Structure formats: structure tokens, C-alpha cells
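To start, the structure under review is shown below, and the notes come after it.
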Amino acid sequence: MEQTSYLMISDNFHIYDTTLRDGAQQEGLNLSVHDKLTIARHLDDLGVGFIEGGWPGANPKDTEFFALAKKELKLKNAQFVAFGATRRPNVKAADDVLLGALRDSGAPVVTLVAKSFDRHVELALKTTLEENLEMIRDSITHLRSEGQRVFLDAEHFFDGYKHDSDYGVELLKAAFAAGASVGVLCDTNGGTLPHEVGWIGPGVHLAKGCYRGQEAVARVHNLGQPPRRLVLLHLDGSGESLPAHGDPVAVDGADIGWVGSAAWHYELGPIATAVVKRSASDGPAVVRTSGG
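Take the sequence shown: its position 188, counted from the start at 1, is 194 in the numbering used here, and no numbers get skipped.
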């Protein structure tokens, strides 16, 4: 008789589910508090590590959800997460109403969204870069003193890093020094290319020094290291026809990839795109066409 065994996941990896907040924002979807409680039970049964329940204080329905969740839900696997923002500029964390709602939500974990793009700090928050860092420190310290675990959601991190890399790193250092356990590097606009993630991630890892949560921050560099890359081939025209999709590309007799598509360019002549190994060096390559 065969038996099925299940591998217990360590604290190094968890699924952080945002169905009840991001997922609930899609057009045509209007979840009731009862709906959210039901979905949370199913997510817990799936073994999800963290369930982001919403923004208590900013949304009355989310406030009601967290109040009922404390009484009615007994989670076996997951922890509830309350989402919200750092305190407002020039206000003490203990006096900030929305931060107080996060504190009183009963959620063991709070994800704080913070501006990490220096221009957004100055134009949207209308405050100084140093005050933004103090908002992060003060908010995290306040929530940690209440026994809550804090994740920092660094909004527009990649855009901000490209504009001022020092400030992005300084922001993460401030968060971890104040007691944050995880730093989330957000590509909020979704416009960062894989190779940019590849150099920004290691850049953060090397610059930030050694402090709590470093692996959670630094592991992002793995996202930017796919095993293949897309290149443009300038063909010399020696073949009788353009290469076909899938024709092999070789360097020094060893295959390094294959042709995607080929065309005649009005200025460049015959060209082709190819997917090749990331380790392949730039330089002369041979395309073996199906016609020989």
C-alpha cells in the first residue's frame, strides 16, 4: 500500500496571498465580509503562509472583516496580514489614526507600504527624504512594540533605485534597523526588465551590509537570471535563404541556441532574432539552416 507524505515548508519560504485585497479590486467583483471569511478558510486549507486581509481603518468592510476574523476564524496554517501605510508626515505614530487601526486590527503581521522613490516622497507625500525615513522607523517601532511582525512594502522600488540607488538602500536599512523582518522590493509599475532586476537585486545585496531579513531582500537577484537571453543576429547573407524558426545557432562548433524569426531589413539586410545561452559570449556565430 502506497502512502502519500507531505513536506513541511520551513520559514524560509511562504506564499503571501493578496486575493482579499488586490484580488478584490478587479472590475465587477464585490466581496462581502462573509465572502472574505469563506475565502480565507479555503486559503488556510491550501497551506498559504500569509493572507493579506485588507486595509483596516481605510475601508469599513476590511475593518469589519478583521473584527470578525478575530472571533470566528481559527487558522491552522496561515497568519492574517493587515495592509496599510506608514504614519503621515510630522505626526507621531501613536497618534496616527490609520496606523492605530492596523495596530488594533488583531493581525499578527502588518505590511506597511512606504514610498521608496525619492521623487514620490517629495511630490506625493510633500515631505523630505529624511522625514520619510523617520516615518518608516517610527511606524515600524510602534507596531513592533505592540508585538506585531512588520513587512515593509517598498513601493516603486526599482524605479526609485534607478533614479537614486543610495536612497533605496538607506530606506531598507532604516526599516530593518527599526525591526522589520521582511523587505519587499516592489516593481509597482511592472516596467522593470528582467536584466534590470538582475543588476539591481545584487546591487542591493552588496550595498546593504548585514542585518535582519537580508536573505529576503537579496534573493530577488535570482529573478533576473534566466538561463537564456534574446539577441539580434546580423546575417552575412551567404545563405541562399533566410534561416527558419528553430535553426541552430553555434559558436566554435557548439550549439548555443536557436533562431526565432528572420527577415530582410531595408537597411541592415538579413537579420534574425535568436534565443541563446546566457553564458554565450558576444561575437561571430554560425546559423545552420535547415537547407544546409
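By construction, the Cβ of each residue, glycine as well, lies at the ideal position given by its N, Cα and C atoms.
Please read all numbers here as calculations on a predicted model, not as lab measurements.
Legend entry - Outcome for G166 when other beta-carbon atoms lying within 10 angstroms are tallied against a minimum of 16: buried
Inset, instruction - Quick one: grab the DSSP three-state call for L158. - result: Look at L158 here: in three-state DSSP terms it is strand.
Inset, instruction - Can you tell me which of the three DSSP states Q32 falls into? - result: coil
Inset, instruction - Can you tell me the Cβ-Cβ gap for A186 and V156, rounded? I've got them flagged as a contact below 8 Å. - result: 5 Å
Inset, instruction - Using 6 Å as the cut-off, classify the Cβ of F163 as near or not near the heavy atoms of the ligand MN, replying yes or no. - result: Here there are no bound small molecules, and the ligand MN is not part of this structure.
Legend entry - Run of the beta strand (DSSP E) containing L129, from where it starts to where it stops: No beta strand (DSSP E) contains L129, which is instead part of the alpha helix (DSSP H) from 124–129.
Legend entry - Assigned secondary structure, V97 (DSSP; H/G/I helix, E/B strand, else coil): In this structure, DSSP gives V97 a state outside helix and strand, which the three-state scheme calls coil.
Legend entry - Counted within 10 angstroms of its Cβ, other Cβ atoms place N36 as buried (16 or more) or exposed: A residue is called buried once 16 or more other Cβ atoms fall within 10 Å of its Cβ, and N36, having fewer, is exposed.
Inset, instruction - Give the single residue among A280, I206, V293 whose Cα lies nearest to the Cα of E246. - result: V293
Legend entry - Length of the line joining the Cα atoms of V281 and I206: Going by the C-alpha atoms only, they are around 23 Å apart.
Legend entry - Nonlocal neighbours in the same chain, by C-beta distance under 6 Å from V116, ignoring five residues either side: A88, L108, L149, Q154, V156
Legend entry - Under the three-state DSSP convention, the category H271 falls into: strand
Inset, instruction - Check the DSSP bridge columns for R109 and list the partner residues they point to. - result: DSSP lists no partner for R109.
Legend entry - Secondary structure of K132, DSSP reduced to three states: coil
Legend entry - Bounding residues of the beta strand (DSSP E) (the contiguous stretch that carries H118): At residue 118 the sequence reads Leu, which differs from the His that was named. Looking at the DSSP string, the run of the beta strand (DSSP E) that includes L118 is 115–121.
Inset, instruction - In angstroms with no decimal places, state the Cα-to-Cα distance between A291 and L239. - result: 9 Å
Inset, instruction - Helix, strand or coil for K82, going by three-state DSSP, please let me know. - result: coil
Legend entry - Proximity below 7 Å, CB of F3 to CB of G60: Here the chain comprises residues numbered 7 to 298, so residue 3 is not present and cannot be evaluated.
Legend entry - Alpha-carbon spacing of T198 relative to S122, whole angstroms: 15 Å
Inset, instruction - Classify T279 as helix, strand or coil using the three-state DSSP reduction. - result: strand
Legend entry - CA nearest to the CA of D68, picked from F86, V255, G289, V175: Nearest C-alpha to D68: F86.
Inset, instruction - Determine the contact status of A278 and V265, defining contact as a CB-CB distance below 7 Å. - result: yes
Inset, instruction - Please report the residue range of the alpha helix (DSSP H) in which E176 lies. - result: Taken as a continuous stretch (DSSP letters only), the alpha helix (DSSP H) holding E176 covers 171–184.
Legend entry - Own chain partners of M141 with C-beta closer than 6 Å, once the 5 adjacent residues on each side are dropped: T92, R93
Inset, instruction - Assign E58 to buried or exposed, taking buried as 16 or more other Cβ atoms, counted over all protein chains shown, within 10 Å of its Cβ. - result: buried
Legend entry - Buried versus exposed call for S111 [16 or more other C-beta atoms within 10 Å across all chains shown]: buried
Inset, instruction - Can you say whether A269 is buried or exposed, counting buried as having 16 or more other CB atoms within 10 angstroms of its CB? - result: exposed
Legend entry - 7 Å Cβ cutoff met for S145 and L104: no
Legend entry - I206, DSSP secondary structure in three states: helix
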